[in-house]
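Okay, so the sequence shown: first residue is -8 according to our numbering, each after it adds one. Just so you know, even glycine gets a beta-carbon here, dropped at the ideal spot from N, CA and C. One structure below.
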Amino acid sequence: MSKRNPIPRTTIQRYYQRVCKMNYAQRSVLARELIADPQPLVAEFTSGIEAFRRYGNPEGFYSNKNRAPKAPDPIGQITKTHHVAWYLREQALLEVGNTPRLNAEYLDYEIRPARTTNRAHFDDDGGSWRSGMMVDLLLVSSDNRTPIVGELKIRSDKDPFTALIQMLAGAVHLATRDQYERLRKFMPTGAFPPTEQPRLDGYVLLYQFLETPQADLETLDRHADELSALLMNHTAITTHLRRIACVDLELRADGKLHGSCRWQHGV
């Protein structure tokens, strides 16, 4: 055994997978339960951090150093994560007009934090690293170079509550000291500062969300907002997360994506 192999499977990944299989009504029930008592989700987050502390890997997050997101075709038609990534890469900076402290810079897209070569496998079912969590967008805060785990939802692709759980699960796999140092090494443009206690930001990014009003999605958005506020009252969360924010994205006439804060909790 080594720090590379086997890879610890976190229970919060399985938790997220169960949420994905729920319908909107079931998610709403779960969200209300967590609002009444966030401790089960806090416990999933902290146990995930502890489990992933066992993992260490000197490799990068992918093998193709020249990979880049593909442009939408036609330009302006955004339907995939890599379309949003392409715009952010082109413009470099995402400005959040109504909350400038949330301004962020693009770093990368669709990274798998558990990527490990030489036939490394997860410790629960023997699955390869490809069966681990994927982070939609990796950004960095413009104010103090904090890494941002960004989970993107396009139109009605899931909902803010599911995206919140996904973001928490993704953050678990990047918040340890070893993983933070891996980010510093392989994402040098992030200019992440050295620290003994890494903290991340978590963004739920929505593109054309509720363009067509939908009551159940609106409800899940309110639940995600309320639950995020409660989570940020727990030291077990704020030790590893500086803020949780939900940002609407809009493609404007200048050909750039602009952000608008829907809700935000933390500093």
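It is roughly 11 Å from the alpha-carbon of THR229 to the alpha-carbon of PHE36. In this structure, THR137 and ARG190 form a Cβ contact; the two beta carbons are roughly 6 Å apart against a cut-off of 8 Å.
A direct Cα-Cα distance of roughly 27 Å separates SER54 from ILE69.
In terms of CA proximity to LEU25, ALA220 leads the group ALA220, ASP64 and ASP245. Distance from the CA of TYR194 to the CA of CYS237, rounded to the nearest whole angstrom, comes to 6 Å. Sequence-distant partners of THR108 (beyond 5 residues in either direction) whose C-beta falls short of 7 Å from its own C-beta, in its chain, are GLU50. Assignment of ILE40 by DSSP, reduced to helix, strand and coil, places it in the helix class. When secondary structure is reduced to three states using DSSP, LEU21 falls in the helix class. Proximity to ASP148 across ALA22, THR72, HIS112 and GLU172 peaks at THR72, based on C-alpha coordinates. Beta-bridge pairing by DSSP links GLY257 to ARG234. By the 16-neighbour rule on beta-carbons within 10 angstroms, GLN8 is exposed. About 18 Å separates the Cβ atoms of LEU211 and LEU240, ruling out a contact at the 8 Å cut-off. DSSP lists TYR100 and GLY141 as the bridge partner or partners of LEU128. Excluding sequence positions up to five before and after LEU201, its CB lies within less than 7 Å of the CB of LEU208 and GLU209, all in the same chain and listed in chain order.
Inter-segment contact for the segment 118 to 130 and the segment 96 to 107 is present: three or more beta-carbon pairs are separated by less than 8 Å. Annotation for GLY161: the continuous alpha helix (DSSP H) segment containing it runs 151 to 163. If you check the CB distance, VAL131 and ALA95 come in under 8 Å.
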